[in-house]
Amino acid sequence: KAGVTQTPRYLIKTRGQQVTLSCSPISGHRSVSWYQQTPGQGLQFLFEYFSETQRNKGNFPGRFSGRQFSNSRSEMNVSTLELGDSALYLCASSLSGRAGTDTQYFGPGTRLTVL
Amino acid sequence: GNSVTQMEGPVTLSEEAFLTINCTYTATGYPSLFWYVQYPGEGLQLLLKATKADDKGSNKGFEATYRKETTSFHLEKGSVQVSDSAVYFCALLNNNAGNMLTFGGGTRLMVKP
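From first to last, the protein sequence lines are chains B and R.
Under the numbering used here, the first sequence has 98 at position 91, and the numbering climbs by one with no breaks.
Under the numbering used here, the second sequence has 242 at position 113, and the numbering climbs by one with no breaks.
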């Protein structure tokens, strides 16, 4: 079974631009979560989607948004990019709708660099 | 709230040495506990997990036991290899926080031949 895939793997943007990252979960998984990883802040939760609805949200500004499609694929968008948005963005999928119970499997991440 | 504390690295060991990476947590209720590993340039890979007290997770020679009395989930391996060099993250999942994993800060392990 294929794992979690993320595209693109690398992105370079300039301040003020916007970016869209994509995540395809493991087949059959319905929950998709997004995390930001930086050297200074470590791994921080952005949001989680289940059945096309945002179910949980971390402490990030409104410039960070996401959505989920009927096939469970998810996208996240960052508008008006800032230098501090440079990070590895990780997507994770899990099987069931019962929040807080299932193992999350991670993709390889998208490395975003903001110049 | 939920939190995870793990020992700071880097941890530098010689090949075949014994490894312990300490992890303690704070959480209400009965969280599930995980160890993830991250190799350079890659995402997180699930290493092992435990879902209730006294459970032992194990994989690829690594082990960790869920100790509720000491709120700990220490990672151990009897004989490390150069290929084990990576960053290790302890994490918890608590149903009072939905599907949000709470991670420790990560511990870099360097194994020398």
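We treat Cβ as the ideally placed atom computed from N, Cα and C, and that holds for glycine.
All of these numbers come straight from a predicted model, not from anything done at the bench.
- Boundaries of the beta strand (DSSP E) around residue 74 of chain B: 71 to 75.
- For residue 163 of chain R, the enclosing beta strand (DSSP E) begins and ends at 161 to 167.
- For chain B, the residues of the stretch 199 to 232 of chain R that bring a beta carbon within less than 9 Å of one of its beta carbons are 218, 220, 222, 223, 224, 225, 226, 227, 228, 229, 230, 231, 232, in chain order.
- Contact between the stretch 96 to 115 of chain B and the stretch 136 to 145 of chain R is absent, with fewer than three C-beta pairs closer than 8 Å.
- By the CB criterion at 8 Å, residue 163 of chain R and residue 220 of chain R fall inside the cutoff.
- Excluding five sequence positions before and after residue 95 of chain B, the CB atoms of its chain that fall closer than 6 Å to its own CB belong to 44, 116, 118, given in chain order.
- The Cβ atoms of residue 74 of chain B and residue 86 of chain B do not sit closer than 8 Å to each other.
- Counted as a single uninterrupted DSSP element, the beta strand (DSSP E) harbouring residue 220 of chain R occupies residues 215 to 222.
- Around residue 181 of chain R, the same chain offers 159, 195 as residues with beta carbons nearer than 7 Å, after the five sequence neighbours per side are excluded.
- For residue 88 of chain B, the CB contacts under 7 Å within the same chain, skipping 5 residues up- and downstream, are 20, 22, 23, 24, 25, 26, 121 in chain order.
- Here DSSP, grouped into helix, strand and coil, assigns residue 226 of chain R to helix.
- Taking a C-beta distance under 8 Å as the contact criterion, residue 154 of chain R and residue 199 of chain R do not qualify as a contact pair.
- In this structure, DSSP gives residue 211 of chain R a helical state, which the three-state scheme calls helix.
- The C-beta of residue 90 of chain B has fewer than 16 other C-beta atoms within 10 Å across all chains shown, which makes the residue exposed.
- Residue-level contact check: residue 175 of chain R touches chain B, since one or more beta carbons of chain B fall below 8 Å from its beta carbon.
- A straight line joining the alpha-carbon of residue 12 of chain B with that of residue 157 of chain R spans about 33 Å.
- Counting along the chain, residue 81 of chain B sits inside the beta strand (DSSP E) bounded by residues 81 to 85.
- Rounded to the nearest whole angstrom, the C-alpha separation of residue 168 of chain R and residue 234 of chain R is 15 Å.
- The alpha carbon of residue 132 of chain R has as its nearest neighbour, out of R:232, R:240, R:237, the alpha carbon of R:232.
- Among the CB atoms of chain R, one or more fall inside 8 Å of the CB of residue 112 of chain B.
- Taking all protein chains in view, the Cβ of residue 76 of chain B is surrounded by fewer than 16 other Cβ atoms within 10 Å, so the residue is classified as exposed.
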